[in-house]
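Remarks on the structure that follows.
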Amino acid sequence: MQFDNIRGFLFDLDGVITDTAALHAKAWAGICQRLGIPWTDALAEGTKGVSRMDSLEVILKSVNRQDEFTMAQKAQMATEKNDRYQELITHLTASDILPGMKDFITDLKQHNYQLALASASRNAPTVLKYLGLSDVFPKIVDPSNLTKGKPDPEIYQHAAALLNLEPGQCIGVEDAPAGVASIKAAGAIAVGIGDAHDLAQADVVFPGTASLTLTALRGKLEDGVLNA
7 MQFDNIRGFL FDLDGVITDT AALHAKAWAG ICQRLGIPWT DALAEGTKGV SRMDSLEVIL
67 KSVNRQDEFT MAQKAQMATE KNDRYQELIT HLTASDILPG MKDFITDLKQ HNYQLALASA
127 SRNAPTVLKY LGLSDVFPKI VDPSNLTKGK PDPEIYQHAA ALLNLEPGQC IGVEDAPAGV
187 ASIKAAGAIA VGIGDAHDLA QADVVFPGTA SLTLTALRGK LEDGVLNA
């Protein structure tokens with residue numbers, strides 16, 4: 007695989023640059039408690055990397071209550087969750103950037119790679135602000151312009167287009183199966199962060215952000231050390 011053909015990197019946010027999963031979980035758990043729905047690890051995983059309304063559907067379907075509420079009621083629940091989440095993210099600082107990611111991003115910039123953020127979260131610009139990374143990601147996909155969520159490729163197609171690149175000229179970085187599927191469907195190279203079994207569709211998997219470096223990534227891709 008010719009690494010020299012790569013011109014851009016497309017990043018998910020949650021679980022890749024910072025771990026806001028616990029904050030999302032805390033906010034969703036509050037909604038579940040009010041509705042009398044058990045908040046489980048399966049729900050935490052099922053809502054990972056997908057949009058707010060899709061997450062709510064996952065939660066309601068887990069107890070077969072998806073038809074119990076009107077769209078207006080669902081929108082209110084999603085707003086309630088988001089309000090709580092926005093309160094929680096105000097406590098984020100640069101110290102909440104995941105291990106190794108600041109160095110990795112800096113290395114990419116120094117090697118003149120273009121960067122874009124492909125997060126389903128409408129709060130991504132706010133999170134970047136508190137992390138001190140706003141200047142690093144001037145190109146951010148606006149989820150309100152999308153018609154489909156991950157694993158559909160739309161978000162990564164948009165991210166590549168923001169950089170005036172084809173997806174095949176880009177590498178996407180994700181920690182969720184739905185995100186990896188989105189990258190692959192778009193035609194980009196998929197780098198997974200996490201468990202190799204869960205992220206089996208990725209081209210390369212690193213166990214954590216600390217092990218993801220430009221040198222290691224280039225070596226694995228050029229040597230063909232890909233995830234089976």
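With the sequence shown counted from 1, adding 6 to any position gets you the working numbering.
Beta carbons: idealized from backbone N, C-alpha and C, even for Gly.
Pick out whichever of Asp47, Glu51 and Lys80 has its Cα sitting closest to the Cα of Glu63. Lys80
Between which two residues does the beta strand (DSSP E) holding Gln72 run? No beta strand (DSSP E) contains Gln72, which DSSP labels as neither H nor E.
Since I believe Gly198 is in contact with Val211 (beta carbons under 8 Å), could you give me their beta-carbon distance rounded to a whole number of angstroms? That belief holds up - the Cβ atoms of Val211 and Gly198 are roughly 4 Å apart, short of 8 Å.
Closest residue to Ala31 among Asn118, Thr76, Lys115 and Ile95 (Cα-Cα distance): Ile95
Among Lys154, Ala130, Gly178 and Glu160, which one has its Cα closest to the Cα of Gln120? Gly178
Classify Glu240 as helix, strand or coil using the three-state DSSP reduction. Nothing about residue 240 can be reported from this structure: the residues present for the chain run from 7 to 234 only.
Three-state secondary structure (DSSP) of Gln207: coil
When the Cα atoms are used, what is the spatial distance from Ser188 to Asn11? 20 Å
Can you tell me where the alpha helix (DSSP H) holding Val133 begins and where it ends? Ala130 to Leu137
Answer with buried or exposed for Asn129, where buried requires no fewer than 16 other C-beta atoms within 10 angstroms of its C-beta. buried
Between the C-alpha atoms of Gly14 and Leu171, what's the straight-line distance to the nearest angstrom? 8 Å
How long is the line joining the alpha carbons of Ser57 and Pro157, rounded to whole angstroms? Answer to the nearest angstrom: the Cα atoms are 11 Å apart.
Host alpha helix (DSSP H) of Gly225 (start-end): Leu220 to Asp229
Count the C-beta pairs between the segment 132 to 146 and the segment 38 to 48 that are closer than 8 Å, then say yes if the count reaches three, no if not. no
State buried or exposed for Ser101, treating a residue as buried only when at least 16 other CB atoms are found within 10 Å of its CB. exposed
Alpha carbon to alpha carbon, what distance is there between Gly185 and Gln207? Straight-line measurement puts the Cα of Gly185 at about 10 Å from the Cα of Gln207.
Around the Cβ of Ser127, are there at least 16 other Cβ atoms within 10 angstroms (buried) or fewer (exposed)? buried
Note the first and the last residue of the continuous beta strand (DSSP E) segment covering Asn120. A small fix is needed here, since residue 120 is Gln in this sequence, not Asn. Note, Gln120: beta strand (DSSP E), Gln120 to Leu123.
How long is the line joining the alpha carbons of Met107 and Thr215, rounded to whole angstroms? 6 Å
Pull up the DSSP beta-bridge partners for Val197, would you. Val179 and Val210
Return the bridge partner residues of Gly14 from the DSSP annotation. Under the DSSP definition of a beta bridge, Gly14 partners with Gln120 and Cys176.
Identify every residue that forms a DSSP beta bridge with Asp20. Thr24
Helix, strand or coil for Ile65, going by three-state DSSP, please let me know. DSSP, reduced to helix, strand and coil, places Ile65 within a helical segment of the structure shown.
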